[in-house]
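Heads up: the structure comes next, in structure tokens.
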Amino acid sequence: MPVIHAADAEVHAMHNATFTSYVRPSTGSKEICLWRLEVEPGTVGQGHRVLREEVFLMLSGTAELTVDDETTTLVAGDAAVVPAGSVLRVDNPSTTPAAFAVVVPVGFSAELADGTPITPRWVS
1 MPVIHAADAE VHAMHNATFT SYVRPSTGSK EICLWRLEVE PGTVGQGHRV
51 LREEVFLMLS GTAELTVDDE TTTLVAGDAA VVPAGSVLRV DNPSTTPAAF
101 AVVVPVGFSA ELADGTPITP RWVS
């Protein structure tokens, strides 16, 4: 049974956010990826199109998820499903950090606003 201890998780930082990668193919998963996303206070996120479904579980704080043109505020305990093909942006207009657990299928990828394809390092 693969176990990923917190001390062994890979941490990546970009766009005023920290991605702590736990579950992915390189740690033993064949079907799903799981990471912790922490978004700094006052952050306006980078819009991007997700090419596979993405699920968010709000762990602490509050944040705004914009999917296509619909914005929803999430608080601890709330969950959201972002359908494949949607344009997603995660904002934290509050004064405290926002933390999520994020789950995607293996093979997850996205596109930046200019169409540039991206495969995040924390899903391989």
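Numbers 1 to 124, taken from my numbering, label the letters of the sequence shown in order. Each residue gets a CB set at the ideal place from its N, CA and C atoms; glycine is no exception. The model shown is predicted, which means the values in this text are computed figures rather than measured ones.
6 Å Cβ shell around residue i - same chain, five flanking residues per side excluded
i: Asn-16; result: Glu-40, Thr-43
Three-way DSSP call (helix, strand, coil) for residue i in this model
i: Val-123; result: helix
i: Asp-134; result: The displayed coordinates of the chain run from 1 to 124. Any statement about residue 134 would go beyond what the structure contains.
i: Ser-60; result: strand
i: Pro-25; result: helix
i: Thr-72; result: strand
Cβ neighbours of residue i in the same chain (closer than 8 Å, five flanking residues each side left out)
i: Leu-59; result: Arg-36, Ala-76, Ala-99, Phe-100, Ala-101
i: Pro-97; result: Glu-38, Val-39, Glu-40, Pro-41, Ser-60, Gly-61
Contacting residues, own chain, Cβ-Cβ under 7 Å from residue i (five flanking each side not counted)
i: Gly-28; result: Pro-2
Query raised in the report: Okay, do the region 7-14 and the region 67-75 touch, 3+ Cβ pairs below 8 Å being the bar?
Result: no
Query raised in the report: Would you call the region 104-122 and the region 49-57 touching, i.e. three or more CB-CB distances under 8 Å?
Result: yes
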